[in-house]
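Worksheet for the structure shown next.
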Amino acid sequence: MDSPAPLTAPGTRLGGGAPERLDRAAGHLATAALALIAVKPLLDIGERDAGGGVDLGVLLSAVGAGCMLAALTAAVLAARRLPPRPVQAMLLALALLLVVSGFSYLAAGPRADLLALFDIRRYPIYGPRLDPATAIPAEAVRLLVSFAPVALIGMALMRPARFPVRRLAVVAAVVLAGAVGHCALAWLQVAGVVPYSFYFELPGQKIGRASGGYYHPMSLGRLLMFSVFLCYVLGDRLRLPGDRLRLTPLRRYALVGLFVATGAVSLHRLTIGCLLVIVAAFEARRLGALRATLRTRVGRRRVVAVAAGLVAAGGVAVALAGDAVRERAGVALTEVGSLDVRSDTFMHGRGAIWNDVARVLHRSTPDVWLFGFGYEPWDMHNDLLRVLVVWGVVGLVAVVGTVAGLHVVVRRRCADPAQRWALGVLYAVFVLFGLTQKPMAYPYFMWLFLFGQLVILSLGGAPGDDTVTADVERGEEGRLDEASTAGVRPG
């Protein structure tokens with residue numbers, strides 16, 4: 001099923017050194033794309049709003065997507081064969097959605113009366129009004145940019161050696177460095193040194209929410225979630241070239257603690273929930289290693305020392321937390337609106353959006369059900385609902401098929417149970433985050449999600465690459481290493 005189809009007839013050759021030049025070009029373009037994935041968090045510092053305006057980060061995202069697609073094209077021409085059929089099917093599905101977007105653009109005029117229903121905005125959570133003439137092309141570009149890393153996965157399936165785990169670990173290390181920078185800014189916001197950019201709007205008061213260098217806490221949460229995931233999956237491979245600044249288990253756990261604590265002060269509940277799911281899932285796999293460690297005296301001492309350190313750090317944090325921090329924690333736990341999904345006040349207006357969308361779709365014509373509106377007239381706050389509204393049932397089938405197909409393709413190449421576990425955690429967080437957010441609408445979320453799968457593929461195909469799992473199974477010195485994910489290559 002995955003066997004690549006020949007691109008040219010037998011005996012056909014590209015003249016001169018064209019294949020070699022194309023292969024080198026593919027490598028350079030892939031390197032440039034990975035570099036942009038790595039430095040994107042640093043380039044996002046100073047993000048002014050979440051309104052989708054054009055800034056340096058947006059422009060470089062488009063450049064990165066172009067590099068990814070061009071790299072796959074050059075690799076296909078150099079190898080004179082197409083990528084595996086599942087990847088071809090995914091790319092065709094995405095191309096189909098671009099065609100659907102073109103249809104919606106042409107149909108926007110005749111649908112003016114129906115689109116006018118979206119002019120009603122009962123709560124600020126509905127978002128600003130968008131002009132279909134500009135919103136539909138923007139949505140199509142966002143789709144292309146978000147799923148562009150599928151091209152890198154296609155290259156990895158064609159030639160795994162192009163993406164060695166050490167290379168991807170360097171990219172992940174730079175991403176983590178950017179995450180640390182955003183964490184520093186977030187804590188400066190909590191300390192009152194840096195002003196907040198986003199607030200809880202409550203009757204008679206505004207409570208600031210830490211967002212680091214981003215405008216919205218969700219953007220910070222996205223980076224924190226994948227940073228914690230990469231810490232667990234790559235383990236001691238997270239280092240700079242030449243083995244400088246190697247992350248020991250203690251340093252990695254310090255980073256995980258920093259990222260989780262920063263997620264907590266962001267007050268973004270879905271981020272906090274996803275972070276807890278990631279940590280709990282990976283630590284659950286370590287219970288066997290922990291039991292083995294407790295059988296030795298040195299191991300028991302280490303476990304007691306780590307536990308005591310965590311308790312002490314928690315006590316200090318509680319003691320240093322001022323009234324403002326405790327007030328924010330109370331707001332995050334109590335200000336959730338109604339919990340009745342049928343109510344308009346469910347999750348502070350999300351219920352109103354979903355109920356109103358259902359009414360609009362009930363009045364829509366069959367072409368809208370099939371192909372959608374081409375853009376997101378309201379902020380849907382649910383990923384599958386957003387896809388249905390933008391591209392209709394056709395888009396829903398294409399997107400779900402693409403994401404599910406990626407899971408199947410990567411899972412089949414997971415040689416180790418730890419890899420499959422990490423892949424499952426990655427997809428669980430993806431689905432969980434999509435319940436009240438829109439991960440497929442955020443290009444960098446998708447970049448990190450697909451990069452994680454590229455990492456999983458690299459770990460599965462790296463001969464002679466020792467894994468944390470192997471270390472734990474051997475019980476080397478009773479170490480509390482990241483046994484759960486060592487052999488994983490997640491996205």
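Under full-length UniProt numbering, the first residue of the sequence shown carries the number 1, and numbering increases by one thereafter. Glycine included, each C-beta is placed from N, C-alpha and C at the ideal position.
Review point. What is the C-beta distance between residue 399 and residue 440, in whole angstroms, given that I count them as a contact (C-beta under 8 Å)?
Key: 7 Å
Point to revise | C-alpha distance - residue 505 paired with residue 274, whole-angstrom precision | key: For the chain, the structure presents residues 1 to 491; residue 505 sits outside this window and is missing.
Check your understanding: For residue 212 versus residue 186, is the C-beta distance shorter than 8 Å?
Key -> yes
**Study point:** Bridge-paired residues (DSSP) for residue 200
**Key:** 207
Review point. If we ignore side chains and look at the alpha-carbon of each, how far apart do residue 25 and residue 74 end up?
Key: Those two C-alpha atoms are separated by around 7 Å.
Review point. To which residues of the same chain is residue 256 closer than 8 Å at the C-beta, ignoring the five residues directly before and after it?
Key: Hits under 8 Å: 228, 231, 232 and 279.
Practice item. Evaluate residue 199 with the Cβ neighbour count: other Cβ atoms within 10 Å of its Cβ, from every protein chain shown; 16 or more gives buried, anything less gives exposed. Key: exposed
Practice item. Give me the Cα-Cα distance between residue 363 and residue 190, rounded to the nearest whole angstrom. Key: The straight-line gap from Cα to Cα measures roughly 47 Å.
Practice item. Leaving out five residues on either side along the sequence, give the residues of the same chain with a beta carbon under 7 Å from the beta carbon of residue 463. Key: Unreliable positioning characterises residue 463 in this predicted model, as indicated by a pLDDT of 39, which lies under 50. The coordinate reading is nonetheless provided below. Result list for residue 463: empty, nothing under 7 Å.
Check your understanding: In this structure, does DSSP put residue 81 in helix, strand or coil?
Key -> Judged by DSSP in its simplified three-state form, residue 81 adopts strand.
**Study point:** C-alpha gap between residue 384 and residue 423, whole angstroms
**Key:** 21 Å
**Study point:** Inter-residue spacing [alpha-carbon to alpha-carbon] between residue 459 and residue 79
**Key:** Whole-angstrom Cα-Cα distance: 24 Å.
Check your understanding: Do you know how far the Cα of residue 30 is from the Cα of residue 85?
Key -> 21 Å
Practice item. Grab me the residues of residue 250's own chain with a C-beta within less than 8 Å of its C-beta, minus the 5 sequence neighbours each way, in chain order. Key: Excluding residues within five positions, none has a Cβ falling inside 8 Å.
Check your understanding: What is the DSSP secondary structure of residue 163, reduced to helix, strand or coil?
Key -> Here residue 163 carries a coil assignment [DSSP, helix/strand/coil].
Point to revise | Among 222, 236 and 152, the one whose alpha carbon lies nearest that of residue 162 | key: For the options 222, 236 and 152, the alpha carbon positioned closest to that of residue 162 is the one of 152.
Exercise for review: Using alpha carbons as the reference points, say which of 174, 137, 113 and 125 lies closest to residue 437.
Suggested key: Of the candidates 174, 137, 113 and 125, the one whose C-alpha sits nearest the C-alpha of residue 437 is 125.
Review point. Going by other Cβ atoms of all chains shown within 10 Å of its Cβ, with 16 needed for buried, is residue 113 buried or exposed?
Key: exposed
Review point. If you check the beta carbons only, do residue 210 and residue 265 fall under 8 Å apart?
Key: Result yes, Cβ atoms of residue 210 and residue 265 sit closer than 8 Å.
Point to revise | For residue 392 and residue 368, believed in contact at Cβ under 8 Å, the rounded distance | key: 7 Å
Practice item. Given a cut-off of 8 Å, decide if residue 410 and residue 457 are closer than it, judged by their beta-carbon atoms. Key: yes
Review point. Are the Cβ atoms of residue 123 and residue 352 separated by less than 8 Å?
Key: yes
Review point. CB of residue 153 to nearest heavy atom of the ligand FAD: below 7 Å?
Key: Summarising the ligand content, the structure contains no ligands, and the ligand FAD is consequently not present.
Check your understanding: Can you tell me the Cα-Cα spacing of residue 157 and residue 254, whole angstroms?
Key -> 34 Å
Review point. Relative to the alpha-carbon of residue 371, which residue among 390, 154 and 356 has its alpha-carbon at the smallest distance?
Key: 390
Review point. What residues in its chain sit with their C-beta under 7 Å from that of residue 42, if we drop five residues either side in the sequence?
Key: So the qualifying residues of the chain are 178 and 181.
Point to revise | Whole runs of the alpha helix (DSSP H) within the region 101-184, excluding any shorter than 4 residues | key: Segments of the alpha helix (DSSP H) lying fully in the region 101-184: 112-115, 132-146 and 150-158.
Check your understanding: In whole angstroms, what is the alpha-carbon distance linking residue 469 and residue 224?
Key -> Reliability of the predicted coordinates at residue 469 is poor, the pLDDT of 37 falling under 50, and the value obtained from them is presented with this limitation in mind. Spanning the two alpha carbons is a distance of roughly 24 Å.
Check your understanding: Which whole-angstrom value is the C-beta distance of residue 148 and residue 65, which I expect to be below 8 Å?
Key -> 4 Å
Point to revise | Which of helix, strand or coil DSSP assigns to residue 437 | key: coil
Review point. What number of angstroms, rounded off, separates the C-alpha of residue 98 from the C-alpha of residue 136?
Key: 10 Å
Check your understanding: Under a three-way DSSP split, which group does residue 19 fall into?
Key -> helix
Exercise for review: Give me the Cβ distance between residue 36 and residue 60, rounded to the nearest whole Å; I'm assuming they're in contact under 8 Å.
Suggested key: 6 Å
Check your understanding: Are the CB atoms of residue 117 and residue 360 nearer to each other than 8 Å?
Key -> yes
Practice item. Give every residue of the same chain whose Cβ lies closer than 6 Å to the Cβ of residue 188, excluding the five residues on either side of it in the sequence, and list them in chain order. Key: Residues of the same chain with a CB within less than 6 Å of the CB of residue 188, apart from the 5 flanking positions on each side, are 194 in chain order.
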